[in-house]
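Residue numbers (the working numbering): 24 to 779.
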């Protein structure tokens, strides 16, 4: 080969190299960017880059600004650069991309180092910048939008890396460096279902990102690429090794000095570990109940509750919620101890004759999901089902002394849990209709049935004020006098065809008393007499006006609370008396905002006039009788609570003391409590032990003490607001003493079991 030909070949080679670099490379980039012939898969549009989508958890926020909990598939909350500590930022940069502030998305020096390392099999760090990693986190360049060329593995890797470069360059043009840093920390996983730095800081250290120090920052940043291996809870040894490596980088780049480095390495990491869970935190039952309503709202309005980062502002006050949960815990743990002492080693599920119900556990377990699975699997082998139901295994169980490890069979576990008494508690502002506290049970992790709105039981005497409302609204005075005597009512079509209400004592005093006294003492015979005067259908109508939506039978026994209703309905009805006769449907959401804070909807409580103001005020006067009348069911409330304070109240106890109720009204709060077994047959043997005054009232009293004594709240003992118009009814019953008339005449009776 002569010299000229050699020079010509060299020139041609250089031209080919030049063309491949300066023509072929741009052409290839153009083809990738535009997905030519659908070979490469798409890239995000400019609009996508302006509004990158990440899964964000939706958050419930209390009326006083406290986070109550979240709904998520990936637990993530986005924050801004200003909410990051300098220690966290420095730690991230020395670990992932020290020249981050000097490049435009692609670090050529790091890239060449990575290529050289691959060619020489000497790995000296990757070539991906933070911006390139963000591109992968946001748009899934490794897994999403892959074209036909990805069938060739090596070419697919090249296209993936090229896509990251293109997106990284575009991200650098669309966002500031600070925004990119924040976006990166918001998108990565840190382990323990923590997505984003906000959630990770809370999960591992119970801190805000702005509060993280170098040691904590090194722990979190070190877990980014391998969140399981470097989890400080589950793999503390590996996590410490990685943390030390990162702290050394801080020393190497002169971010920290040797004494601080030595201290950070030697001192143990102080964890405050707590994973967000529906089973933990405040208002667990409330969060579960409200979820169904929120999911329906999201479906109607085109949002995803678990991905779209909604902010749901609720009416609950976190301080009152804590007081309510504490009151339930304190009183129910005490009551459970009494219940266990009462029953000893005997089973507490009994019939009306106080005899143990045979086959109770066997029938109860057949309603469980685990039994249905066994039934499907061993439909032809009943002995196998029995074997597995009686097979002991290690489990954790609820106790009032904390969660415990034990060994129980499914059948023994059922026996253990059925012995626990349950409770529900609800408090609301009668003026606004806003629910302030909601406790649906004793522990959501182990007992997920809500006893505020979902659960419905016979209300017993707490339904009597509805009967007396109908009477007062139709001209009866609180001073109207009736004799406590036996009464009976014909009920055509019923067997037996006559209904006779018994008093809780089983006796009739023969005493003449006002209907205020009768309601205060919860005298069944007089309530039944008033029911006969106003009529069952009329009482049902008034119940509907006061917000009851549960099925109600227009029969005489309704006056004693024989039909199931919810605590939610009862508290809403009693609030009407304080709200000058206006019924306000209890509400627990004030507004919903999107992830950017834009209000999507305000929620205004439904309000309507149910009673005239005079009737409402007279019913408050009637309810105050529980504390003012001799023998009233609220007389024994703590004197401090009653001092300079107007309180109206009503207890309720159903047949055989299966359910105990207490509803109390004060100037600014209406609150109610229910206590009972998981099933009606689970109860005290003696009515006096299971009555509402002993089971439910202590919860209400405990809560009110805490509410009044909390200096951060504005609740004070005070009289009810005075009526805006004069009450045209005489309330001094001494004027009418002994003037009852023909309405004291009663008729023959036939005895029948009743509800008290």
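Positions of the beta carbon are idealized from the N, C-alpha and C atoms, including for glycine.
- The residue among 487, 626, 571 with its C-alpha nearest the C-alpha of residue 476 is 571.
- Cβ-Cβ separation between residue 743 and residue 669: approximately 4 Å, consistent with a contact (criterion under 8 Å).
- Taking residue 750 as the centre and dropping the five residues before and after it, the same chain places the C-beta of 637, 640, 641 closer than 8 Å to its C-beta, in chain order.
- In this model, residue 752 and residue 746 are separated by some 13 Å (Cα to Cα).
- Assignment of residue 632 by DSSP, reduced to helix, strand and coil, places it in the strand class.
- Sixteen is the threshold: since fewer than 16 other Cβ atoms of the shown chains lie within 10 Å of the Cβ of residue 420, the residue is exposed.
- Distance from the CA of residue 310 to the CA of residue 611, rounded to the nearest whole angstrom, comes to 11 Å.
- Unbroken alpha helix (DSSP H) runs of no fewer than 4 residues, entirely contained in the region 613-682, are found at 636-651, 662-665, following chain order.
- Taking the Cα positions, residue 224 is about 30 Å away from residue 463.
- Residue pairing from DSSP places residue 372 in a beta bridge opposite 705.
- Residue range 538-544 is occupied by the alpha helix (DSSP H) that includes residue 538.
- The beta carbon of residue 705 lies closer than 7 Å to those of 371, 372, 441 in the same chain, with the five residues before and after it left out.
- When only Cα atoms are considered, residue 340 and residue 85 end up about 6 Å apart.
- Bridge partners of residue 512 according to DSSP: 522.
- Beta-bridge partners of residue 83 (DSSP): 92, 335.
- The region 582-594 and the region 549-559 touch, with three or more beta-carbon pairs separated by less than 8 Å.
- Within its own chain, the residues whose Cβ lies closer than 7 Å to the Cβ of residue 295, once the five positions on either side in sequence are excluded, are 228, 229, listed in chain order.
- Between the beta-carbon of residue 191 and that of residue 128 there is about 3 Å, and that keeps the pair under the 8 Å contact cut.
- According to the DSSP secondary-structure assignment, residue 535 is paired through a beta bridge with 506.
- If you ignore the 5 residues before and after residue 604, its C-beta comes within less than 7 Å of the C-beta of 632, 633, 634, 635, 636, 638, 639, all in its own chain and listed in chain order.
- With fewer than 16 neighbouring CB atoms inside 10 Å of its own CB, residue 663 falls in the exposed class.
- Annotated as proximal: residue 598 and residue 693, with beta-carbon spacing under 9 Å.
- Of all C-beta pairs linking the region 614-634 to the region 649-663, fewer than three are shorter than 8 Å, placing the two stretches out of contact.
- Rounded to whole angstroms, the separation of the alpha carbons of residue 608 and residue 732 is 28 Å.
- Contact between residue 265 and residue 253 holds, with the beta-carbon distance rounding to 5 Å and staying under 8 Å.
- Residue 431 is bridged by DSSP to 416.
- As the crow flies, the alpha-carbon of residue 453 is around 25 Å from that of residue 659.
- Beta-bridge annotation (DSSP): residue 99 is paired with 218.
- Counting along the chain, residue 693 sits inside the beta strand (DSSP E) bounded by residues 693-700.
- By the neighbour-count definition (other C-beta atoms within 10 Å, threshold 16), residue 754 is an exposed residue.
- In this structure residue 723 touches residue 687 by the C-beta definition: roughly 5 Å separates them, less than 8 Å.
- Residues 648, 649, 652, 655 of the same chain have their beta carbon placed closer than 6 Å to that of residue 543, with the five preceding and five following residues left out of the count.
- Taking the Cα of residue 299 as reference, the smallest distance to any Cα among 560, 522, 90 is reached at 90.
- Residue 462: member of the beta strand (DSSP E) spanning 458-462, first to last residue.
- Residue 686 is bridged by DSSP to 673, 695.
- For residue 196, the number of other beta carbons within 10 angstroms of its own is below 16, and it is reported as exposed.
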